[in-house]
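Worksheet: the structure to be examined is printed underneath.
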Ligand SMILES: C[S@@+](CC[C@H](N)C(=O)[O-])C[C@H]1O[C@@H](n2cnc3c(N)ncnc32)[C@H](O)[C@@H]1O
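Residue numbers (the numbering used here): 936 to 1149.
Here it is, written out as structure tokens:
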């Protein structure tokens, strides 16, 4: 499965939702082992969970792990004492592995995008979207739907690999930040923090953002 890591590093993912689902369904059984074997530390899930833990002090808070995959983020959240963790992902095989962790309260198999998810408005105190903004995956068009399900005052934590930011048509040349700013202008959220972190995803640098829902 080393090929999958090469595909990730080069950003040469399948370009359809069906293709991405199949890519992660096939990879799910060896995903953790492949990353560990290649020496990739799970820094992005850890950083995301640490960020939420610093800002959301109530351990009974409702947390959404968006594009949860095989559950790496929830494992980190659990280390910080969070109990009410839900997840959404399109890959049924990844969700099976997430379910086996026994950490998630609710797991939803759905596409994340501009479509409405089966989740009530203003449900979550915190939402993490880690390592899922990329070619063929999610892009900034999903943010209004993520904002809808987070409570006013709740936090949305997300990251993008620097290489993805510089090469993906939808993100590059400042397009990503312009679209985030447009949601600020519309009064939907405000920017809390931004950091450029070395070795964030696949041991490469990445952009880390925290926004607060208005
Ligand atoms: C690189 S994995 C990251 C998984 C997890 N967040 C982590 O940090 O380990 C990307 C995940 O995004 C999911 N994904 C990609 N596009 C999606 C979409 N449009 N809707 C739902 N899930 C999607 C994939 O199935 C995969 O599980």
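Positions of the beta carbon are idealized from the N, C-alpha and C atoms, including for glycine.
{"query": "Bridge-paired residues (DSSP) for residue 1044", "result": "1024"}
{"query": "Reduced DSSP category for residue 1141 - H, G, I as helix; E, B as strand; rest coil", "result": "strand"}
{"query": "Candidates 1066, 1021 and 1073, of which the one nearest residue 1094 by Cα", "result": "1066"}
{"query": "Buried versus exposed call for residue 979 [16 or more other C-beta atoms within 10 Å across all chains shown]", "result": "buried"}
{"query": "Of the residues 1090, 1105 and 940, the one placed nearest residue 1076, counting alpha carbons only", "result": "1105"}
{"query": "Minimum length 4: unbroken alpha helix (DSSP H) runs contained in the stretch 939-1013", "result": "952-962, 966-972 and 978-990"}
{"query": "C-alpha distance - residue 1068 paired with residue 991, whole-angstrom precision", "result": "23 angstroms"}
{"query": "Pick from 940, 1049, 986 and 1050 that is closest to residue 1062, judged by C-alpha positions", "result": "986"}
{"query": "First and last residue of the uninterrupted beta strand (DSSP E) at residue 1060", "result": "1059-1064"}
{"query": "Contact belief for residue 1073 with residue 1048 at Cβ below 8 angstroms, rounded distance in angstroms", "result": "7 angstroms"}
{"query": "beta-carbon residue 952 near ligand 1 non-hydrogen atom, thresh 7 angstroms", "result": "yes"}
{"query": "Nearest candidate by alpha-carbon position, reference residue 1054, set 1125, 1080, 1035 and 1018", "result": "1080"}
{"query": "Minimum C-alpha distance to residue 1051 - residue among 1084, 1064, 1032 and 1060", "result": "1084"}
{"query": "heavy atom of ligand 1 below 7 angstroms from residue 1008 C-beta", "result": "yes"}
{"query": "Given residue 1112 as reference, the closest of 1078, 1000, 954 and 1060 once Cα atoms are compared", "result": "1078"}
{"query": "Any 3 or more C-beta pairs closer than 8 angstroms across the stretch 1019-1034 and the stretch 1000-1011", "result": "yes"}
{"query": "Whole beta strand (DSSP E) elements within the stretch 1078-1104, 3-residue minimum", "result": "1085-1096"}
{"query": "Limits of the beta strand (DSSP E) - the one that residue 1126 falls within", "result": "1124-1136"}
{"query": "Proximity below 8 angstroms, CB of residue 1147 to CB of residue 1090", "result": "yes"}
{"query": "Which residues DSSP lists as bridging residue 1148, in chain order", "result": "1124"}
{"query": "Rounded C-alpha distance that separates residue 993 from residue 1058", "result": "15 angstroms"}
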